[in-house]
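Colleague: Protein chains in written order, with this note's numbering: chain V, 10 to 204; chain L, 10 to 204; chain B, 10 to 204; chain X, 10 to 204.
Note that the Cβ used here is the ideal one computed from N, Cα and C, for glycine as well.
Fair warning: this is a prediction, and the values are worked out from it, not measured in the lab.
Protein chains: 4
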Amino acid sequence: MNRKKSEKYNRIIAAATKMFAEKGYYKTRISEIAREAGIADGTIYIYFSHKDQILIALFEEKMQEVLDNMKRQIGLEDDPLAKIERFALTHLRLIEDNKDMAEIIQVELRQSSKFMKNYHNLKFSQYLDLIEDIIREGQKKNLIKKEVIPSIAKRAFFGALDEMSRYWVLSKSHKYDIETAAKQINSYFIHGIKT
Amino acid sequence: MNRKKSEKYNRIIAAATKMFAEKGYYKTRISEIAREAGIADGTIYIYFSHKDQILIALFEEKMQEVLDNMKRQIGLEDDPLAKIERFALTHLRLIEDNKDMAEIIQVELRQSSKFMKNYHNLKFSQYLDLIEDIIREGQKKNLIKKEVIPSIAKRAFFGALDEMSRYWVLSKSHKYDIETAAKQINSYFIHGIKT
Amino acid sequence: MNRKKSEKYNRIIAAATKMFAEKGYYKTRISEIAREAGIADGTIYIYFSHKDQILIALFEEKMQEVLDNMKRQIGLEDDPLAKIERFALTHLRLIEDNKDMAEIIQVELRQSSKFMKNYHNLKFSQYLDLIEDIIREGQKKNLIKKEVIPSIAKRAFFGALDEMSRYWVLSKSHKYDIETAAKQINSYFIHGIKT
Amino acid sequence: MNRKKSEKYNRIIAAATKMFAEKGYYKTRISEIAREAGIADGTIYIYFSHKDQILIALFEEKMQEVLDNMKRQIGLEDDPLAKIERFALTHLRLIEDNKDMAEIIQVELRQSSKFMKNYHNLKFSQYLDLIEDIIREGQKKNLIKKEVIPSIAKRAFFGALDEMSRYWVLSKSHKYDIETAAKQINSYFIHGIKT
DNA sequence: GATGAATGAGTATTCATTCAT
DNA sequence: CATGAATGAATACTCATTCAT
Numbered sequence: 010m011n012r013k014k015s016e017k018y019n020r021i022i023a024a025a026t027k028m029f030a031e032k033g034y035y036k037t038r039i040s041e042i043a044r045e046a047g048i049a050d051g052t053i054y055i056y057f058s059h060k061d062q063i064l065i066a067l068f069e070e071k072m073q074e075v076l077d078n079m080k081r082q083i084g085l086e087d088d089p090l091a092k093i094e095r096f097a098l099t100h101l102r103l104i105e106d107n108k109d110m111a112e113i114i115q116v117e118l119r120q121s122s123k124f125m126k127n128y129h130n131l132k133f134s135q136y137l138d139l140i141e142d143i144i145r146e147g148q149k150k151n152l153i154k155k156e157v158i159p160s161i162a163k164r165a166f167f168g169a170l171d172e173m174s175r176y177w178v179l180s181k182s183h184k185y186d187i188e189t190a191a192k193q194i195n196s197y198f199i200h201g202i203k204t
Numbered sequence: 010m011n012r013k014k015s016e017k018y019n020r021i022i023a024a025a026t027k028m029f030a031e032k033g034y035y036k037t038r039i040s041e042i043a044r045e046a047g048i049a050d051g052t053i054y055i056y057f058s059h060k061d062q063i064l065i066a067l068f069e070e071k072m073q074e075v076l077d078n079m080k081r082q083i084g085l086e087d088d089p090l091a092k093i094e095r096f097a098l099t100h101l102r103l104i105e106d107n108k109d110m111a112e113i114i115q116v117e118l119r120q121s122s123k124f125m126k127n128y129h130n131l132k133f134s135q136y137l138d139l140i141e142d143i144i145r146e147g148q149k150k151n152l153i154k155k156e157v158i159p160s161i162a163k164r165a166f167f168g169a170l171d172e173m174s175r176y177w178v179l180s181k182s183h184k185y186d187i188e189t190a191a192k193q194i195n196s197y198f199i200h201g202i203k204t
Numbered sequence: 010m011n012r013k014k015s016e017k018y019n020r021i022i023a024a025a026t027k028m029f030a031e032k033g034y035y036k037t038r039i040s041e042i043a044r045e046a047g048i049a050d051g052t053i054y055i056y057f058s059h060k061d062q063i064l065i066a067l068f069e070e071k072m073q074e075v076l077d078n079m080k081r082q083i084g085l086e087d088d089p090l091a092k093i094e095r096f097a098l099t100h101l102r103l104i105e106d107n108k109d110m111a112e113i114i115q116v117e118l119r120q121s122s123k124f125m126k127n128y129h130n131l132k133f134s135q136y137l138d139l140i141e142d143i144i145r146e147g148q149k150k151n152l153i154k155k156e157v158i159p160s161i162a163k164r165a166f167f168g169a170l171d172e173m174s175r176y177w178v179l180s181k182s183h184k185y186d187i188e189t190a191a192k193q194i195n196s197y198f199i200h201g202i203k204t
Numbered sequence: 010m011n012r013k014k015s016e017k018y019n020r021i022i023a024a025a026t027k028m029f030a031e032k033g034y035y036k037t038r039i040s041e042i043a044r045e046a047g048i049a050d051g052t053i054y055i056y057f058s059h060k061d062q063i064l065i066a067l068f069e070e071k072m073q074e075v076l077d078n079m080k081r082q083i084g085l086e087d088d089p090l091a092k093i094e095r096f097a098l099t100h101l102r103l104i105e106d107n108k109d110m111a112e113i114i115q116v117e118l119r120q121s122s123k124f125m126k127n128y129h130n131l132k133f134s135q136y137l138d139l140i141e142d143i144i145r146e147g148q149k150k151n152l153i154k155k156e157v158i159p160s161i162a163k164r165a166f167f168g169a170l171d172e173m174s175r176y177w178v179l180s181k182s183h184k185y186d187i188e189t190a191a192k193q194i195n196s197y198f199i200h201g202i203k204t
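#1: What residue range does the alpha helix (DSSP H) around Phe-29/B cover?
#2: How many angstroms separate the CA atom of Ile-143/V from the CA atom of Lys-92/V?
#3: For a test of the three-state rule: what should DSSP assign to Ile-199/B, helix, strand or coil?
#4: Determine, using beta-carbon pairs with one atom in the stretch 133 to 148 of chain V and one in the stretch 48 to 57 of chain V, whether at least three such pairs fall under 8 angstroms.
#5: Within the chosen definition, does the stretch 70 to 89 of chain V reach the stretch 44 to 52 of chain V through at least 3 CB pairs nearer than 8 angstroms?
#6: In chain order, what residues of the same chain have a beta carbon less than 7 angstroms from the beta carbon of Ile-53/L, not counting five sequence neighbours either side?
#7: For Ile-153/X, write down the residues that DSSP places opposite it in a beta bridge.
#8: Can you have a look at Gly-33/X and say buried or exposed, based on whether 16 or more other CB atoms are within 10 angstroms of its CB?
#9: The alpha helix (DSSP H) spanning Tyr-176/X covers which residue range?
#10: Just confirm the distance between the C-beta atoms of Met-173/L and Ala-165/V, as a whole number of angstroms; I'd bet it's less than 8 angstroms.
#11: Could you work out which residues of chain X lie near Ile-113/B, taking near to mean beta carbons separated by less than 9 angstroms?
#12: Taking Asp-50/B as part of the alpha helix (DSSP H), name the residues at either end of that continuous run.
#13: Using the Cβ count rule (16 or more neighbours within 10 Å means buried), how would you classify Ser-196/B?
#14: Comparing alpha-carbon positions, which option in Ile-153/L, Ile-113/L, Thr-26/L, Asp-186/L lies nearest His-200/V?
#15: Taking Cβ-Cβ distances shorter than 9 angstroms, what residues in chain X pair up with Ala-25/B?
#16: Which same chain residues end up closer than 7 angstroms to Arg-175/X when comparing Cβ atoms and leaving out the 5 residues on each side of it in sequence?
#17: From Ser-182/X to Lys-123/L, what distance separates their C-alpha atoms?
#18: Suppose you measure from the CA of Lys-163/V to the CA of Pro-89/L; what does that come to, to the nearest Å?
#19: Got a sec: is the Cβ-Cβ distance from Glu-172/V to anything in chain L below 8 angstroms?
#20: So Ala-191/X and Leu-98/X are supposed to be a Cβ contact under 8 angstroms. How far apart are they, rounded?
#21: Relative to the C-alpha of Tyr-18/X, which residue among Glu-70/X, Ala-30/X, Tyr-35/X is closest?
#22: Measure the alpha-carbon distance for Phe-167/V versus Asp-171/L and round it to whole angstroms.
#23: Cα separation between Lys-29/L and Ile-113/L?
#24: Shortest alpha-carbon distance to Ser-121/X belongs to which of Lys-108/X, Leu-64/X, Gln-73/X, Phe-96/X?
#25: Let me make sure I understand the geometry here. Which of Gln-193/X, Asn-151/X, Lys-150/X, Ile-187/X has the alpha-carbon closest to that of Leu-103/X?
#26: From which residue to which residue does the alpha helix (DSSP H) around Thr-99/X run?
#27: Within the continuous alpha helix (DSSP H) that includes Lys-80/B, where are the two ends?
#28: Straight-line CA distance for Gly-147/V to Asn-130/V?
#29: What first and last residue would you give for the alpha helix (DSSP H) that runs through Ser-40/X?
#30: Using 8 angstroms as the threshold, is the C-beta distance between Lys-132/X and Val-178/X below it?
#31: Quick check: Tyr-128/B and Ile-158/X, are their CB atoms within less than 8 angstroms of each other?
#32: Using only the alpha-carbon positions, how far apart do Gly-7/B and Thr-37/V sit?
#33: Taking all protein chains shown into account, decide if Gln-73/V is buried (16 or more other Cβ within 10 angstroms of its Cβ) or exposed.
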C-alpha cells in the first residue's frame, strides 16, 4: 500500500536505530548516523528536515511493524484468554529479536514528549488498545470478570510486560528464558482477571 | 536523621527537580536552574561539579525518601498480601503527590545509563527488592503459590504500577482515582499469585 | 616541496600570527583569529582541534621556513667564520622582516612549555645546532680554539643575537641598523673564539 | 629605607614565585597562590588590587635584590674587565640559586608587556646598564676597543648569559658547571672586545 | 540527488574579584 | 584585618543545519 521508501531512507532509519539504541538520541550525532549509513551528513537532510524527524519516523515505522505483527498473531487465536497469552509471548519475543528497537522505545519514547511538542504517539495507543479490546471481548463472553476495568487492566498487563522487557534489554545474562517470563506473567494476570 | 544539607544545595535540587520534570534533563539549562533557585550560575558549581551530578544527587535524595517511606508503610502490615496491597497504594499515592519527581524517575532515570557511565541505581534495585522479599515471605507462609518466581513477579507487579503512574503523570484528567487503580491492580495480581 | 596546505589553513595561521604577536596567546580570542582570517569561529576547528594546536602549527611552519632559509644561506659560504657571520646577518634580517613571527618566538615559545606538556621544540634545537656544527667544523680546520666548548658557544652566540632581536622587536626606533648590530656581534664573538 | 613589608605580603610573593615558576602566570589560580601562602583567597586582595599586581610586585622585589647584589659584587673589582667577569659569574650563580625567580624572569617578563600596558621594567634596564657603564669605563681606560658600541655590547653579553640561563633552568642535567659556562662566555667576550 | 566544508548560535564551566560576616 | 561563599562576565568548543559545487 505504501510505496516503497527509498533505499537511503531505510539506511538512515537503520543507522539511527543502531546509534540511538547505543548512545541515546541526544548523544548521537547526525554525522555518526551518516557514517553508519555510509552517506554524507547533508544527505540526511534530503530525507529528514530535522534530527527529531528521524526519531519520529523511526517510531512510526517500527510501531507499524509491531502493530501489524501483533494483530496477525492475535488473529490466530479465538479465545480471548489465549489471545492474551499470545500477546505476552509475541511481545517478549519481539523485544528479544529487536533489542535496539526495544531500547529506543523504552528510553527515547518516554522522553520524546519533552522535545517533540505535539507529537502524539498514536500507534502506541493502538497497540495498548489491542489489549483493551481483548479484555472487553472476554467480558462479553463471560470469561473475564465484569469488575475488571479494561483501561486499567491494559496498562497493568502492558506494564508488567514492559518492565520485564526493560530487564531483558538492560541485563546481559538472564536467569530464565522469555517463554518462562511470558508464562509467569500470563499466569498471574489471567488467574487474576478470569471469572 | 540525615544531617541537614546546606540550604543552597537543597534549593538547587528543588529547582532542578522542577526544571527537569518540565523540560527534561537535556533541554534544561544550568542558567534556568540557577534562576529558579534564585542564585548565580556559578554558585551551582560550588555544590555540584557537573550538570549530571545534579541529576544523580536528585535521584539519590528522592529515592532514599521513597524507600524509607515505603519501608515504613510496609512495616505497618503483618500479612504479606496486605503488604502488597499497601505497596501499590503507597506507590501510586506517592506518584500523585510528587508528580515532578515521578516524571523525572519515569523519563530521566531510563536514559540515565546512556550518559552516566557506571552510574548504577542501587536505591531503585532496593525498592524493587522490597516486593521480592514480600513474595518470598508469602511463599514461606503458604499464602503465595510456590510456582511464582519472585524475581519475575516483582517486575510484573512494579511494571503494572509504573505504567499506571506514567498514565497518571502524563494525562491531565483521569477517568478513575488512584485508589481504584491500586485496588484493581492488587486484585489482578493477588488473585493471580495467591494459593 | 611541501604540498600546499589548504588556503583556509594558511589564512588561520597568518591571522593567528598577527593576533598572537599583538596581544599574546592568552589574550587572543578564537573569535578574533576567525574575524582576522575572515571565516567563522567554527571553521577554525575544522583545521585545528584546539587553540594550542594553532600555536604549535605556527611554530612548526615558521621554524621550518627559518631553518631551510638559514641552511641555504650558510651553504653559500665555505669558511666557518664566514658562515658564522652570515648566520648573524641572516638571523637579524629575518627578525626585521618578520616582526610578528619574531615576537611570537621571543614571547610565546618561551612559555609554551607551561601549557603544552610534552611539546618539544625540535626545530628550534636544530636551528641552534647549526651553530654548533659550524664551530666544530672551525675547530677541525684549526680556525677556532680547541678550548671553545661548542655547546656553550652556540648558546652564547644565539643568545647575543636573540637579545638583540628582542630589542629590535620591542623598540620603535633604533640608534643603529641591523647590519651594524650583526657586524658588532660578529666582531666580538669571532675575535673571541678564533685561533 | 623601605619599611618592612608585612609578613602576609611576603608570603604571597613567595607563594606566587613558586606557582608562577611552576605553571606560568596564566595557568596559576589566585586560589592556588592563597593555598600555597596558607591564607584565604580574599586576603590577597587586601595586599594586591589585581592578579597582575602580584607579578609586577614580584618583579620589582626580585630585581631590586638582584640589582643591589650585582652592584655590590661589581664594586669589589676595580678593573673593568674583571668587573665583566664578575658580572657573568654572579649572574649565573644567581640563576642557579634562584631557579624559580629565574624562570619567571625568563618566561613571564617577556610576555608581561602583552598584558600589562604601560608597565615599563625600569629595574631591568638598570641591570643592563650596569654592563654598559662598565664597557664605557673600559673604553675610557683604553682597555676596551673604541669601536665597540656599548649599547650593543651590553645586549650581546647579557643575551649570551641569558640564553645560558635558560638552558640551566629548563634542563635537568648539565654537562658542565656554572663556573665553566661563565668562564667560557667571559673568554669569548673579553677577547672579543678588549684592545 | 549527493556532498561535506562552512557556518554561527548556543552553553557548560571557570575563576578573578567582591563583600557580608 | 581575614575569610571564603557567592558572583556573573567571559570564552573555547560543539554540532545541527545549509548550500555551492
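Modeller: Reading off the structure:
#1: 16 to 32
#2: 7 angstroms
#3: helix
#4: no
#5: no
#6: Ile-21, Ile-39, Ile-42, Ala-43
#7: Lys-203/X
#8: buried
#9: 159 to 179
#10: 7 angstroms
#11: The premise fails here: Ile-113/B is roughly 10 angstroms from chain X at the closest Cβ pair, so nothing lies under 9 angstroms.
#12: 50 to 56
#13: buried
#14: Ile-153/L
#15: Per Cβ cutoff of 9 angstroms: no residues; Ala-25/B is ~15 angstroms from chain X at best.
#16: Gln-115
#17: 49 angstroms
#18: 25 angstroms
#19: yes
#20: 4 angstroms
#21: Glu-70/X
#22: 10 angstroms
#23: Checking the sequence shown, residue 29/L turns out to be Phe, not Lys. If you take the alpha carbons of Phe-29/L and Ile-113/L, they lie about 7 angstroms apart.
#24: Leu-64/X
#25: Ile-187/X
#26: 89 to 106
#27: 60 to 84
#28: 27 angstroms
#29: 39 to 46
#30: no
#31: no
#32: The requested residue 7/B is not part of the displayed model; chain B covers only 10 to 204.
#33: exposed
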